[in-house]
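Scroll down for the structure; my scribbles are underneath it.
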Amino acid sequence: KKIVEENNAKLIGRKLQVMIEGHHKETELLIVGRHYGQAPDIDGMTIINDTGDYALKVGEIVEVEITEINNYDLIGKVIGKSAF
624 KKIVEENNAK LIGRKLQVMI EGHHKETELL IVGRHYGQAP DIDGMTIIND TGDYALKVGE
684 IVEVEITEIN NYDLIGKVIG KSAF
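The opening residue of the sequence shown carries number 624 in this note's numbering; numbering runs sequentially from there.
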């Protein structure tokens with residue numbers, strides 16, 4: 624867990640392409656997705672707590688700036704739509 628947290632901390636401030644998976648299982652106020660390095664069932668997820676003015680759809684890829692970490696998960700805000 625410590626190694627994962629150290630590696631995730633290196634991502635704070637970086638901008639990542641994240642594919643939207645839907646709402647967080649605990650609250651409709653958060654959106655979850657995964658970047659290229661997060662595999663389902665074995666890795667953490669990217670939790671989006673600020674969507675800006677963007678309406679997000681499942682399967683859409685957006686640019687997210689990572690602002691903090693929470694154990695295995697990254698937390699960030701949407702800063703733009705992806706060109707992909």
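Note that beta-carbon positions come from the ideal geometry of N, C-alpha and C, so glycine has one too.
In this text the structure is predicted, and so the values were computed from the model without any measurement.
How far does the beta strand (DSSP E) with Glu-686 in it extend, from its first residue to its last?
Counted from its first residue, the sequence shown places residue 686 at position 63. That run of the beta strand (DSSP E) goes 684–693.
Find the nearest neighbour of Leu-634 within the set Tyr-659, Ile-692 and Arg-657, judged by alpha-carbon distance.
Locating residue 634 in the sequence shown gives position 11, counting from the first residue. For Leu-634, the nearest C-alpha among the options comes from Ile-692.
Under 6 Å Cβ to Cβ from Glu-683, same chain only, skipping five residues before and after it: list those, please.
Translated into the one-based positions of the sequence shown, residue 683 becomes position 60. For Glu-683, where only same-chain residues beyond five positions count, the Cβ hits under 6 Å are Ile-643.
Are the CB atoms of Gly-699 and Ile-654 nearer to each other than 8 Å?
Counting from one through the sequence shown, the residue named residue 699 turns up at place 76. Counting from one through the sequence shown, the residue named residue 654 turns up at place 31. Not a contact, by the Cβ cut-off of 8 Å.
Using CA atoms only, rank isn't needed, just tell me which of Gly-656, Val-685, Gly-667 and Ala-632 is closest to Gly-645.
Along the sequence shown, read from residue 1 onward, the residue named residue 645 stands at position 22. Nearest C-alpha to Gly-645: Gly-656.
Excluding the 5 residues flanking Ile-702 on each side, which residues of the same chain have their C-beta closer than 6 Å to its C-beta?
For the purposes of this step, residue 702 is taken as residue 79 along the sequence shown, with counting starting at 1. Glu-686 and Glu-688, listed in sequence order.
Let me know if Leu-639 comes out buried or exposed under the rule of 16 or more other beta-carbons within 10 Å of its beta-carbon.
Along the sequence shown, one-based indexing puts residue 639 at 16. So Leu-639 counts as buried.
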